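J.: First the structure, which I've put down as structure tokens, then a few questions once you've had a look.
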Amino acid sequence: MSAEDFRLAVQRLLNQVGHWETGRWEAAGPSGGTRADHVYGLVQRLADLGAHAEHRTPRPVPREPDMILPDQLRVMTDDLLAAGAPDEVLARATADVLAVRKAL
Numbered sequence: 112m113s114a115e116d117f118r119l120a121v122q123r124l125l126n127q128v129g130h131w132e133t134g135r136w137e138a139a140g141p142s143g144g145t146r147a148d149h150v151y152g153l154v155q156r157l158a159d160l161g162a163h164a165e166h167r168t169p170r171p172v173p174r175e176p177d178m179i180l181p182d183q184l185r186v187m188t189d190d191l192l193a194a195g196a197p198d199e200v201l202a203r204a205t206a207d208v209l210a211v212r213k214a215l
């Protein structure tokens, strides 16, 4: 998968969740937790992939209010792309984004 495939997958997820109000974020997600928990998990995984691509230690992403999740997703996407992650990392990230999108 390419950087463009990853960017497109994230954009589709953002189109799906970017307008959600608090109630939709708080709804039950797949396999426990809330929808917000699942998107936050994705944000953290993307941050971890970016850290590995930059050869630095992964750090926890602050858990902000749910309405901030689309912005956090955008930032982690931009960071991963700026890190020059190899195609296999972008393929894994794209698969993760698609899985979360489908589950929501």
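Okay, so the sequence shown: first residue is 112 according to our numbering, each after it adds one.
Every residue, glycine too, gets a C-beta built ideally from N, C-alpha and C.
Note that the coordinates shown come from a computational prediction; the quantities given were computed from them, not determined experimentally.
#1: Report yes or no: do the segment 134-153 and the segment 165-182 share at least 3 C-beta pairs separated by less than 8 Å?
#2: Would you call the segment 122-135 in contact with the segment 161-169, where contact means no fewer than 3 C-beta pairs closer than 8 Å?
#3: May I have the straight-line CA-CA distance separating residue 116 from residue 126, to the nearest angstrom?
#4: Return the CA-CA distance between residue 184 and residue 202, expressed in angstroms with no decimal places.
#5: Would you mind stating whether residue 157 and residue 191 have Cβ atoms separated by less than 7 Å?
#6: Since residue 120 and residue 209 should fall inside the 8 Å C-beta cutoff, what is the C-beta to C-beta distance between them, to a whole number of angstroms?
#7: Comparing alpha-carbon positions, which option in 178, 155, 194 lies nearest residue 170?
#8: What are the boundary residues of the alpha helix (DSSP H) that residue 137 is part of?
#9: Below 8 Å CB to CB, which residues in the same chain sit around residue 212 once its five sequence neighbours on both sides are set aside?
T.: To lay it out plainly:
#1: Using a Cβ-Cβ distance cut-off of 8 Å, the segment 134-153 and the segment 165-182 are in contact, since at least three pairs of beta carbons, one from each stretch, lie closer than that value.
#2: Touching, no.
#3: Their Cα atoms are separated by approximately 15 Å.
#4: Inter-residue distance for residue 184 and residue 202 is about 17 Å (C-alpha atoms, whole angstroms).
#5: Note that the C-beta distance between residue 157 and residue 191 is below 7 Å.
#6: Distance from residue 120 to residue 209 at the Cβ level is roughly 6 Å; contact confirmed, criterion being Cβ atoms closer than 8 Å.
#7: It is 155 whose Cα lies nearest to the Cα of residue 170.
#8: 133-137 is the extent of the alpha helix (DSSP H) around residue 137.
#9: Sequence-distant Cβ neighbours of residue 212 in its own chain, meaning closer than 8 Å and more than five residues away, are 120, 123, 124, 127.
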